[in-house]
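In the working numbering, each number is its position in the sequence shown, counted from 1, plus 896. Using N, Cα and C, we set each Cβ at its ideal position, and we do this for glycine too. All figures in this text were calculated on a predicted structure; none of them were measured in a lab. Notes for the one structure printed next.
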Amino acid sequence: MNTATEAEQPYKRIWGMLFVGWVFAYFDRTITGPVVSWMIANDVAFLADSSNPYALGGLLGSLFFAGYMLTQFPGGYFGDKYGHRNMVILSLLWAGITTVMTGLFEGLLVFIALRVLTGLGEGAFYSNDRSLIAQVTPPKKLGLGMGIVMGGLSVGLTLGLVGTVYLIEWAVPIMGNNAWKSPFLLLGASTIIVAIVMSRVIPKSADAKAKPDGFKNSVKGLGSYSIIFLIIIMGVYIITDALGLSEGLIAAIFTVFSIGFVFYIYKTKKEVRPVLKNRNLFLLYLSAIPIMWHLWFYSFWSVSIVQDFGGGTLLTAALVASFNAIAGLIGFPLGGYISDKVASIENGRRNILFILTVAFAASVFIFAFYLMSGASSLAVMSTILFISGTLFFAVQSIQHAFISDLAPAEHRGSAFGLWNLIAEFGALLSPVISGVLRDRTESWSAPLLLDGALIAASCICIILISTRARKRVKASEPVTAQ
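This is how it looks when you write it as structure tokens:
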């Protein structure tokens, strides 16, 4: 272990609590996709009068990620500065409050603002969760620990796909067309409770970077960034919507803004330039863009895809789609286990990452071609989705462990934050671009093929990582003054 013995650091308890944190964090953020699918299917709420419902629905998902991606780096930065434990707890508490508020108010503009706020809060979770695990876990168990904890993502994603539709249908007799609000109310309240429990279960002593008044300073730091980002995001949306710009173009504008933010970080945060300008890390960041594209293409639209090709009810489609998500319970720890086994081999993590990403890309194309062939067996769909999901989540575990290999310990939070920030370009564009293609072509075939092509491109980035990639970026790496 880095700073203490295993007896002094209850790392398994921390793994368990962070696992639960991921369950609720992903349940909260997955809600929007099934809610949008239900609104479209039932022609209700603010999607009822839309001429391009899939494009508008996709934009709602993309705007969440506009907020989410912009606090990836600030979240990691403030975690390195004030403590990763503080940021993890703050992120969950924030998300719970804004999720409850989403279910309390009406109107498209308020819905967008609250989902953006939820994204801004949740953006701080990933980099600090990864850093806290790396800090308390024995080095030989690092990949396994990261994989086990990320299994919570799979559970949350599964519950989000299936549970959201179930909660809406359960609430219809009581709330009528407002039944879509029920998941936000119930899950938001549950997330707040989890954040409070986490603050009691994870000891302050577990975080070597914890500072006096760290939580208070974390709120100030993340809050100040988030207010600015919220004003910018909502201002851009209101102006572009008033100008009548398409949903895809609006998402492209946010992407340009986010790229500008990456350059801002490079210019103003000299202390983290080693993890931004390093070639191997940057290639790994780029390879993650298709990973996040796939994750949120499936998380947002898989229920609609399965229903379009396989027929049946939304709940049946959600159950089939959940086979892809639940595979993470195997894929995440499996990827971490394999990653640890090859870590001592020169370039071992890169090679296994490449092999599994190629296999994953092949599984995505197989699923696309099966659906395009006109076949509609729900059993076959479920099987392909489960195999593809296992490969997908294994790839993510290896990516996470690889970052920990490459980044200096003092900048690890920033490195994880940058990985997720750049990767989230995929999440930002995926829901809306896929929705636009669905509206234009009246089929999910084009979005499915695009997804496979992007994952194939990820393989190219991975194989270009240097054969000496296991050598970490040195903390003393000179930084050129600007």
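Quiz item: Using the beta-carbon count (16 or more within 10 Å), is Ile1146 buried or exposed?
Solution: To locate residue 1146, count along the sequence shown from 1; it is residue 250. With 16 or more Cβ atoms within 10 Å of its Cβ, Ile1146 is classed as buried.
Practice problem: Give every residue of the same chain whose Cβ lies closer than 8 Å to the Cβ of Phe1233, excluding the five residues on either side of it in the sequence, and list them in chain order. | Solution: Your numbering for residue 1233 matches position 337 in the sequence shown. What sits at residue 1233 in the sequence shown is Tyr, not Phe. The residues are Gly1039, Leu1040 and Gly1043.
Quiz item: Excluding sequence positions up to five away, which residues of its chain have a Cβ less than 6 Å from the Cβ of Asp1335?
Solution: Within the sequence shown, numbered from 1, the residue matching residue 1335 stands at position 439. Excluding sequence neighbours, Asp1335 sits near Asn948, Tyr950 and Ala951.
Exercise. Determine the extent of the alpha helix (DSSP H) in which His1307 is found, giving its start and end residues.
Key: Taking the sequence shown and counting its residues from 1, the one referred to as residue 1307 is at position 411. No alpha helix (DSSP H) holds His1307; DSSP gives it neither H nor E.
Practice problem: Just list the beta strand (DSSP E) runs in the region 1117-1146, keeping only unbroken ones of 3 residues or longer that don't cross its boundaries, in chain order. | Solution: none
Self-check item: Spatial distance of Arg909 from Ala921 (CA atoms)
Solution: The residue you call residue 909 lines up with position 13 of the sequence shown. The residue you call residue 921 lines up with position 25 of the sequence shown. So the two alpha carbons sit approximately 18 Å from each other.
Practice problem: Would you tell me roughly how many angstroms separate the C-alpha atoms of Asn1220 and Phe1288, rounded to the nearest one? | Solution: Counted from its first residue, the sequence shown places residue 1220 at position 324. Counted from its first residue, the sequence shown places residue 1288 at position 392. Answer to the nearest angstrom: the Cα atoms are 9 Å apart.
Practice problem: Could you spell out where the alpha helix (DSSP H) holding Ser1362 opens and where it closes? | Solution: Position 466 of the sequence shown, counted from the start, is the residue given in the question as residue 1362. Run containing Ser1362: none; DSSP gives neither H nor E here.
Quiz item: Counting pairs of beta carbons, one from the region 928-945 and one from the region 972-986, are three or more of them closer than 8 Å?
Solution: no
Self-check item: Cβ-based burial, Asp976 [other Cβ within 10 Å; buried from 16]
Solution: For the purposes of this step, residue 976 is taken as the residue at position 80 of the sequence shown. Classification for Asp976: buried.
Practice problem: Determine the burial state of Arg1096: buried for a count of at least 16 other Cβ atoms within 10 Å of its Cβ, exposed for fewer. | Solution: On the sequence shown, position 200 is the one that residue 1096 refers to. It is exposed - the Cβ of Arg1096 has fewer than 16 other Cβ atoms within 10 Å.
Exercise. Mind reading off the beta-carbon distance from Ala1323 to Trp1189? Whole number of angstroms is fine, and I expect it under 8 Å.
Key: Counting from one through the sequence shown, the residue named residue 1323 turns up at place 427. Counting from one through the sequence shown, the residue named residue 1189 turns up at place 293. Ala1323 to Trp1189, Cβ: 7 Å. Contact.
Exercise. Report yes if the C-beta distance between Pro1186 and Leu1350 is below 8 Å; otherwise report no.
Key: Position 290 of the sequence shown, counted from the first residue, corresponds to residue 1186. Position 454 of the sequence shown, counted from the first residue, corresponds to residue 1350. Contact: yes.
Quiz prompt | Bounding residues of the alpha helix (DSSP H) (the contiguous stretch that carries Leu988) | solution = Translated into the one-based positions of the sequence shown, residue 988 becomes position 92. Note, Leu988: alpha helix (DSSP H), His980 to Thr998.
Quiz item: In the structure shown, what three-state DSSP assignment does Ile1241 receive?
Solution: Walking along the sequence shown from the start, residue 1241 turns up at place 345. Here Ile1241 sits in coil by DSSP.
Quiz prompt | C-beta neighbour in chain D for Tyr950, strict 8 Å | solution = The chain inventory of the structure shown lacks chain D, comprising one protein chain alone.
Quiz item: Going along the chain, which unbroken runs of the alpha helix (DSSP H) with 4 or more residues stay wholly within the region 1161-1213?
Solution: 1169-1173 and 1175-1206
Self-check item: Cβ neighbour criterion (16 or more within 10 Å) applied to Pro1170
Solution: Translated into positions along the sequence shown, residue 1170 becomes position 274. Buried.
Self-check item: Minimum length 4: unbroken alpha helix (DSSP H) runs contained in the region 1211-1283
Solution: 1224-1238 and 1244-1268
Practice problem: Please state whether DSSP places Lys977 in a helix, a strand or coil. | Solution: Looking up residue 977 in the sequence shown gives position 81. It is helical.
Quiz item: Among residues of its own chain, excluding the 5 on either side of Leu1118, which ones have a beta-carbon nearer than 7 Å to its beta-carbon?
Solution: In the sequence shown, the residue the question calls residue 1118 occupies position 222. Around Leu1118: Thr967, Pro970, Gly971, Phe974, Leu986 and Ala1020.
Quiz item: Should Thr1279 be labelled buried (16 or more other beta-carbon atoms within 10 Å of its own) or exposed?
Solution: Here the question's residue 1279 lines up with position 383 in the sequence shown. Result: exposed.
Quiz item: If you draw a straight line from the alpha carbon of Tyr1121 to that of Val1093, how long is it in whole angstroms?
Solution: Translated into positions along the sequence shown, residue 1121 becomes position 225. Translated into positions along the sequence shown, residue 1093 becomes position 197. Answer to the nearest angstrom: the Cα atoms are 26 Å apart.
Quiz item: When the Cα atoms are used, what is the spatial distance from Phe1263 to Gly1110?
Solution: By 1-based counting over the sequence shown, the position of residue 1263 is 367. By 1-based counting over the sequence shown, the position of residue 1110 is 214. If you take the alpha carbons of Phe1263 and Gly1110, they lie about 47 Å apart.
Exercise. Could you please give the first and the last residue of the uninterrupted alpha helix (DSSP H) stretch that includes Phe923?
Key: The residue you call residue 923 lines up with position 27 of the sequence shown. Taken as a continuous stretch (DSSP letters only), the alpha helix (DSSP H) holding Phe923 covers Tyr907 to Thr926.
Quiz item: Are the beta-carbon atoms belonging to Gln1295 and Leu1180 less than 8 Å from one another?
Solution: As a first step, residue 1295 is located in the sequence shown; it is residue number 399 there, counting from the start. As a first step, residue 1180 is located in the sequence shown; it is residue number 284 there, counting from the start. It is a contact, given that the beta carbons lie within the stated cut-off.
Quiz prompt | Boundaries (first-last residue) of the alpha helix (DSSP H) holding Pro1069 | solution = Here residue 1069 refers to the residue found at position 173 when the sequence shown is read from its first residue. It spans Leu1038 to Met1071 - the alpha helix (DSSP H) in which Pro1069 sits, taken as one unbroken run.
Exercise. State the Cα-Cα distance for the pair Lys1163 and Ser1240, rounded to the nearest angstrom.
Key: For the purposes of this step, residue 1163 is taken as residue 267 along the sequence shown, with counting starting at 1. For the purposes of this step, residue 1240 is taken as residue 344 along the sequence shown, with counting starting at 1. Taking the straight line joining both Cα atoms gives about 35 Å.
Exercise. On a CA-only basis, which of Met997, Ala1067, Leu1141 and Met1071 is nearest Trp1084? Give me that one, please.
Key: Here the question's residue 1084 lines up with position 188 in the sequence shown. Correcting the residue identity first, residue 1084 is Gly in this sequence and not Trp. Cα-wise, what sits closest to Gly1084 is Met997.
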